[in-house]
Amino acid sequence: MQDTTKPLHVFAYGSLIWRPGFTHDGMHPAMLRGFHRRFCLWSRHYRGTAECPGLVLGLDRGGSCRGVVFRVPPEAAPAVLDYLDARENLGGEVVYARRMLPVRLLDSGRMVEAVAYVANRTHRAYCRPSPAEAAAAIARGIGQAGSNRDYLLNTLSHLQALGLRDAGLDRIAALLPEL
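Under my numbering, the first residue of the sequence shown is numbered 39, with each subsequent residue one higher.
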């Protein structure tokens, strides 16, 4: 349950970085330990279709992940959580588990508890494709939110703008066939 007297912190590692879609009054580079960013969820809506699924990012167990933390004013927190739950778990399916996790703000070193959406390994959408398999699916995927290729490249460009690298995403991007 969110304390309505304190700000809510939201950890972003993918499209939330460049398209949060919610009210916030601060953004900080951050590190989450115990999870890593990975294309590990089939997308049959946002970045693909039932006939030609794409892939979306999830936080998967192990390693660490650099991203950003958005600071949400206390009065906006309930609406932001409702928005994020609907966005991350389309149709009420629990593709992502909402968790409160300790995250280090890289600009101050301060630890905060942040909402993070972790891939549900028991959901039928969960997968572990090789980089080549991921690149092939991403090259084909187009869904209601646009092309899967754009999703990957936008995530990479925004990470780079923040001074962050993700070798796994770089590897997949390098394997994408030319347009």
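We treat Cβ as the ideally placed atom computed from N, Cα and C, and that holds for glycine.
Assigned secondary structure, residue i (DSSP; H/G/I helix, E/B strand, else coil)
i: Glu151; result: strand
i: Arg209; result: helix
i: Arg142; result: strand
i: Val230; result: Residue numbering for the chain in the displayed model covers 39 to 217; residue 230 lies beyond these limits and cannot be assessed.
i: Val106; result: strand
i: His196; result: helix
i: Pro67; result: strand
i: Leu190; result: helix
i: Tyr164; result: strand
i: Asp204; result: coil
i: Arg82; result: coil
i: Val133; result: coil
i: Ala88; result: coil
i: Ala50; result: strand
Closest Cα partner of residue i within the set the options
i: Ala172; options: Ser195, Ala212, Gln182; result: Ala212
i: Pro167; options: Arg71, Leu95, Phe49, Cys103; result: Leu95
i: Arg178; options: Thr43, His47, Arg209, Ser81; result: Ser81
i: Pro116; options: Ala205, Gly129, His62; result: His62
i: Gly206; options: Leu128, Leu200, Leu194; result: Leu194
i: Val203; options: His47, Pro58, Pro67; result: The displayed chain sequence assigns Arg, not Val, to residue 203. For the residues His47, Pro58, Pro67, the minimum Cα distance to Arg203 belongs to Pro67.
i: Ser185; options: Phe49, Cys78, Tyr84, Pro58; result: Tyr84
i: Ala50; options: Cys165, Leu93, His196, Pro111; result: His196
i: Cys165; options: Glu126, Arg76, Gly59; result: Arg76
Exposure label - residue i; buried when at least 16 CB within 10 Å
i: Pro140; result: exposed
i: Ala199; result: exposed
i: Gly181; result: buried
i: Pro45; result: buried
i: Ala124; result: exposed
i: Pro58; result: buried
i: Gly130; result: exposed
Residue i to residue j span [Cα, whole Å]
i: Ala183; j: Leu191; result: 14 Å
i: Glu216; j: Arg187; result: 11 Å
i: Val153; j: Pro91; result: 27 Å
i: Gly64; j: Ile176; result: 31 Å
i: Leu214; j: Ala170; result: 8 Å
i: Leu128; j: Gly201; result: 31 Å
i: Thr43; j: Ala88; result: 43 Å
i: Leu143; j: Cys78; result: 25 Å
i: Val110; j: His47; result: 6 Å
Within-8 Å CB hit, residue i to chain C
i: Asp188; result: Structure shown: chain C not included; a single protein chain is present.
**OP:** Evaluate contact between the stretch 51–59 and the stretch 141–150, counting only Cβ atoms and requiring at least three cross-stretch pairs below 8 Å.
**Re:** no
**OP:** Evaluate contact between the stretch 86–101 and the stretch 66–75, counting only Cβ atoms and requiring at least three cross-stretch pairs below 8 Å.
**Re:** yes
**OP:** Count the C-beta pairs between the stretch 153–160 and the stretch 127–138 that are closer than 8 Å, then say yes if the count reaches three, no if not.
**Re:** yes
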